[in-house]
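Trainee:
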Amino acid sequence: GEDIVLDTGRYGLYLRCDMQTASIPPGTDPITIDANLAVELLDNAARLPRELGSTADGESVIVTTGRFGPYLKCGSVSASLGKREDPYTIELERALELVAKKRAADAKRTIAVFDGGIKVLRGRWGPFVTDGKARARVAKEQDPQALTLEDCQRLLAETPAQGKKKKAKKKAKKKIIKKTAGKQKTKKKDIPPG
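Residue numbers (this note's numbering): 253 to 446.
See the structure below:
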């Protein structure tokens, strides 16, 4: 009995019915969405997050959806579900494989871990130190594996606090209007009568 509304939000198109929302899958043309598909998308969105089970260690494995699509959450690990994986039909065994793969990738990235949550990690542009909030680059001449806790704390203290950078306001461009040549005044010549 409720109206289903197609709306635009921060992260793209979505459907809204009362208090329930559902994102429009990427590649779906909004014109092709009929009432049946809209109800199906809203029903599927209501099924997430769903608990798949737990690991041998007792950590629960949950499939949910976020800003960048569906993903698995297991303890402190978040593993993205690829386009080939369906969040509504994925089984625990496959989810555990994906979580193990993500943990292995994270382990390759980690160089050292210290008390207080300070880590030395391999990044896209080289090694860096983080405490979960701030990041400090490790200089090229430094060996990241030889860093001590004190070295890491010093690097983090020397790094300026990062916040959102404010964008400089653009100055309005002045329009330059070229004057076009209009009628030119010509001098009248004195022509003698006759």
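From the three backbone atoms N, C-alpha and C, an ideal C-beta is built for every residue, glycine too.
(1) From Thr400 to Ile285, what distance separates their C-alpha atoms?
(2) Helix, strand or coil for Ala386 per DSSP?
(3) Consult DSSP for Lys284 and reduce its assignment to one of helix, strand or coil.
(4) Are there 16 or more other CB atoms within 10 angstroms of the CB of Ile283, so buried, or fewer, so exposed?
(5) What residue range does the alpha helix (DSSP H) around Leu265 cover?
(6) By the 10 Å Cβ neighbour count, where 16 or more other Cβ atoms means buried, how is Val257 classified, buried or exposed?
(7) Among the candidates Ala297, Gly264, Lys360, Thr341, whose CA atom is the shortest distance from the CA of Gln272?
(8) When the distance is taken between beta carbons, is Gly305 closer than 8 Å to Val313?
(9) If you draw a straight line from the C-alpha of Pro277 to the C-alpha of Pro412, how long is it?
Mentor: In short, the structure shows the following:
(1) 57 Å
(2) coil
(3) According to the sequence as given, residue 284 is Thr; it is not Lys. DSSP places Thr284 in helix when its eight states are reduced to three.
(4) exposed
(5) From DSSP, Leu265 is part of no alpha helix (DSSP H) but of the beta strand (DSSP E) over 264-269.
(6) exposed
(7) Ala297
(8) yes
(9) 40 Å
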